[in-house]
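1 is the number of the first residue of the sequence shown in full-length UniProt numbering; add one for each residue after it.
Beta carbons are placed, not taken as given, at the ideal position from N, Cα and C, and that holds for glycine.
Below you'll find the structure, written out as structure tokens, and then a few comments.
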Amino acid sequence: MNPEVKQDAVLQKRAETETPCKKRQDYLEWPEYFMAVAFLSAQRSKDPSSQVGACIVNQENKIVGIGYNGMPNGCDDDLLPWSRSASNKLDTKYPYVCHAELNAIMNKNSADVKGCTMYVALFPCNECAKLIIQAGIKDVIYLSDKYHDTPEMTASRRLLDLAGIKHKQFEPKRNKIVIDFNSINLSGMHKATMCPP
1 MNPEVKQDAV
11 LQKRAETETP
21 CKKRQDYLEW
31 PEYFMAVAFL
41 SAQRSKDPSS
51 QVGACIVNQE
61 NKIVGIGYNG
71 MPNGCDDDLL
81 PWSRSASNKL
91 DTKYPYVCHA
101 ELNAIMNKNS
111 ADVKGCTMYV
121 ALFPCNECAK
131 LIIQAGIKDV
141 IYLSDKYHDT
151 PEMTASRRLL
161 DLAGIKHKQF
171 EPKRNKIVID
181 FNSINLSGMH
191 KATMCPP
């Protein structure tokens, strides 16, 4: 038998008996990915009580801005208060801290964020709603609305609705996304068992 014909026959038989290599089914979909980026960004926050992140995405599913809550640039966060309550409001974090939404807009890496979508851990307050409107963001996807009944959130919803900005609660398909820095060392071996060489 001709060696080339023999090799073709071996390859054909292997193809018939082996399971074809298929793409992963458990990959992150775009909304999960962007919300996860917002949550990962929140891990940069030094706020001891609330770590919030935001991720702005354009129509091509490209990230154009990321931010988290923290003190303004150039202000020593060791000299400013992080408390949620005090007899004097100036001794709380509230007059000083920049919210994740503001920082994501300010950190944009494009000319503007008009028509973009913002993924954010918490429903935006009324001050952030003003920034979102002025920046031209068209959609807000949030995970938690735990302050729903406060006047600030009521005002925020009113402003967003008047400006025609859609806002909806994110419904995760999974409760956790684990980042394992060791997985890159195992992924090649894992793939080898799933797909033929």
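Residue environment: Ile137 is assigned as buried (16 or more neighbouring CB atoms within 10 Å of its CB, all protein chains considered). Shown here, Lys146 sits in coil according to DSSP, grouped into three states, outside any helix or strand.
Between Ala100 and Ala54, the C-beta spacing is below 9 Å. Rounded to whole angstroms, the Cβ separation of Met153 and Cys125 is 7 Å, and the two are in contact under 8 Å.
Beyond the five residues adjoining it in sequence on each side, Gln25 comes within less than 6 Å, by CB distance, of no other residue in the same chain.
According to the DSSP assignment, Met71 belongs to no beta strand (DSSP E), since it is labelled neither H nor E. By the CB criterion at 9 Å, Ile133 and Val120 fall outside the cutoff. Ranking Cys21, Lys22, Val57 and Ser45 by CA distance to the CA of Glu32 puts Val57 first. Shortest Cα-Cα distance from Tyr96 to any of Met71, Leu186 and Asn182 involves Met71. By DSSP's assignment, Leu122 forms a beta bridge with Ser144. The criterion of a C-beta distance shorter than 9 Å is satisfied by Phe39 and Ile177. Beta-bridge partners of His167 (DSSP): Val140. A distance below 7 Å between beta-carbons, with the five flanking residues on each side excluded, links Pro48 to the following residues of its chain, in chain order: Trp82.
In this structure Thr150 is exposed. Its beta-carbon is surrounded by fewer than 16 other beta-carbon atoms within 10 angstroms. If the five residues before and after Gln43 are omitted, its C-beta is found closer than 7 Å to the C-beta atoms of Gln51, all from its own chain and listed in chain order. Counting along the chain, Ile179 sits inside no beta strand (DSSP E), nor does DSSP assign it H or E at all.
Going by beta carbons, Asn103 and Tyr147 fall outside the 9 Å limit.
Counting only residues of its own chain and dropping the five nearest sequence neighbours on each side, Asp139 has a CB closer than 6 Å to the CB of Thr117 and Lys166. Cβ neighbours of Phe170 within its own chain (closer than 8 Å, five residues either side excluded): Pro31, Met35, Tyr119, Ile141, Tyr142 and Leu143.
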